[in-house]
Structures are given as structure tokens and as C-alpha cells.
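Just so it is clear: in the sequence shown, position 214 is 214 by the working numbering, and no numbers are missing.
Even glycine gets a Cβ: it sits at the ideal position worked out from N, Cα and C.
Only one structure is covered here, and it is reproduced in the block below.
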Amino acid sequence: MTLFPMTKHFLRVMVYYKVNFIFSFGVPLVSIIYSLRKYIFRHPEQKETIELIIFWISYMIVLYALMDSGSALVRLREEQFLKMFLFISRNKWKVIMARFFSHLIVLTASAVLFDLIASILFSLPFGTLIGITAVMICVCVIPVYSLFLLFAALPFRQETIQPIVNLLIFFFLIITLNHFSGTTTFFNVLLLLTNPMNYAFDVGLTFLSFLSSNDAPPVSWLLLLLISCIYLIIGFVSIINMKILPIFRN
Numbered sequence: 001m002t003l004f005p006m007t008k009h010f011l012r013v014m015v016y017y018k019v020n021f022i023f024s025f026g027v028p029l030v031s032i033i034y035s036l037r038k039y040i041f042r043h044p045e046q047k048e049t050i051e052l053i054i055f056w057i058s059y060m061i062v063l064y065a066l067m068d069s070g071s072a073l074v075r076l077r078e079e080q081f082l083k084m085f086l087f088i089s090r091n092k093w094k095v096i097m098a099r100f101f102s103h104l105i106v107l108t109a110s111a112v113l114f115d116l117i118a119s120i121l122f123s124l125p126f127g128t129l130i131g132i133t134a135v136m137i138c139v140c141v142i143p144v145y146s147l148f149l150l151f152a153a154l155p156f157r158q159e160t161i162q163p164i165v166n167l168l169i170f171f172f173l174i175i176t177l178n179h180f181s182g183t184t185t186f187f188n189v190l191l192l193l194t195n196p197m198n199y200a201f202d203v204g205l206t207f208l209s210f211l212s213s214n215d216a217p218p219v220s221w222l223l224l225l226l227i228s229c230i231y232l233i234i235g236f237v238s239i240i241n242m243k244i245l246p247i248f249r250n
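Listed below in C-alpha cells is the structure:
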């Protein structure tokens, strides 16, 4: 089985489970419409509105990765489909790449649609939103996806992984919201360094500050590069140690 047919198969599976789109696309859309309901078809403060959009794009990047990276491979493993795909492709890298490309297609389509709706409702420059989203996706998607491949290397069953995934997204949301609201205690800074949602958020804010030219970037590009390298190393080690056979129940 070549890379393209596997990507097509995984893409169909992702589209089939439409309930995931409620959390990955529906929640950001409903939230931003409700938060800015007074400014629909008007002109809200542009910088703050774009920052809010960046926040929800970072949420989408992390949530899609949580659902479609290591946790999805665990589900394939426990249902014994992973072993079948590896037998056909004879290369676990192909399986992971196919899964990643299907993930990238759905994420990009969702983010572009989100930007389009936001630009229409709140009279924002669509080109600016697309540019920021493109930078966030290009910079963040591979490292964040790699980070969550860690689940595939752990001896956890699907029943264990799913509650962890649910808790993590709320954990990331709370930490990033604290950062977004201006909370900068030393403890929060330490937590933010390990939060992929904040990492994606800061990438977007840094590029926005570059476009604004008057604003100082929230963090150094060197720090973002360091975090990217750490996430990529975690992903590489996880792929090498990825478990293929199901974790049987006692």
C-alpha cells in the first residue's frame, strides 16, 4: 500500500467521525461568535480580535494533534489495524506520514474556513489572517504532532489514553488562558514552556508583532526554535519505540 492510498483512507476515517469536528471546529467558532457578538458585521478592535483568533487556531492545532497523532495510533494498535498497515506498507514511517498528511489536510481546511468566517463577520483582513495561520501551521504542526506521538510509545490501552487526552486539552486551555489574560507568575511561565498550545499561540503572536512592527515579540524565536527541537526529538524517539502489538487485558 503506497502513501497516497493510506492518506486517502485515513482522511475518510477522519471525515466519518464528524463528532470530532464539534470540539475541534465548532467550539472555537461558537466561542468567538459569542464573545464578539456585539461586533458582528461591525469593526471591533482589530489587534485584540486577531489575537483571539490566533488563540483558537492554536487550540485547533493542538486538539487535532491530540486526536490524530499518538492516540489515533493507539486506537489502531488496540484494534490490530496498525499491525495490518505495517504488514502491507512494510514501513511504520509510511503509516505515520499518511496519518500526518490526512491530519494536515483537515486541519488546514478547518483553519482556513474559520479565518474566512471570522473575516466576514468582523470585517478583518482575510490575507492577514491566512498569513498568520499559514505561519502557525508551517512552524507548529510537525513539532506538536511529533510531541503527541509519545502516546504510541507508552504501554497504555485506548481506554486509558482517551481520558488523558480529554484532561490535557482542558489543562492546556487553562494555562494558555492565564497567559492570554496577562498572568505572568514564575510558576505559570514554567508551565507555559511545556504547553504546546501556548507554543503555537506565541508563534502566532510573534508573527503578528512582526507584521505590526511597533510591538515587541512576546518570546524569542530562539526559545520557540528550542521548543520545536525538543518536540521533534520526543517524536523521533517515540516512533523508534512505538509499540505495534496490542496491550492485552489481564
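The shortest C-alpha to C-alpha distance from F156 to any of V135, L173, E78, T206 is the one to E78.
Between L167 and L154, the alpha-carbon positions lie close to 17 Å from each other.
Taking the Cα of I130 as reference, the smallest distance to any Cα among L208, G26, I22, N20 is reached at L208. The count of Cβ pairs closer than 8 Å, one atom from the segment 121 to 128 and one from the segment 66 to 84, stays below three, leaving the stretches out of contact. In the three-state reduction of the DSSP assignment, I174 falls in the helix class. Taking the CA atoms as reference points, L11 sits about 28 Å from I33. W56 is classed as buried because its beta carbon has at least 16 other beta carbons within 10 Å across all chains shown.
Exposure of R90 is indicated by the presence of fewer than 16 other C-beta atoms within 10 angstroms of its C-beta. Relative to V237, the option among L36, L150, F100 whose CA is nearest is L150. In this structure, the straight-line span from the alpha carbon of P246 to that of A111 is close to 34 Å. Beta-carbon to beta-carbon, S58 and G235 are separated by about 18 Å, too far to satisfy the 8 Å threshold. In this chain, the alpha helix (DSSP H) harbouring V13 covers 3 to 16. The straight-line gap separating the alpha-carbon atoms of T2 and F170 is approximately 37 Å.
Nearest to S69 by C-alpha distance, out of F87, I53, I96, M197, is I96. For the segment 35 to 98, the full-length alpha helix (DSSP H) segments reaching 4 residues or more read 46 to 68, 70 to 78, 81 to 89 along the chain.
Distances from the CA of I174 to each of P143, S228, P196 were compared; the closest alpha carbon is that of P196. Boundaries of the alpha helix (DSSP H) harbouring F236: 221 to 240, taken from the DSSP string. Between M6 and K18, the alpha-carbon positions lie close to 20 Å from each other. With a threshold of 16 other beta carbon atoms within 10 Å, F201 meets it and is buried. With a cutoff of 8 Å on beta-carbon distance, I61 and L104 are scored as not near each other.
Judged by DSSP secondary structure, P143 falls within the alpha helix (DSSP H) whose first and last residues are 126 to 147.
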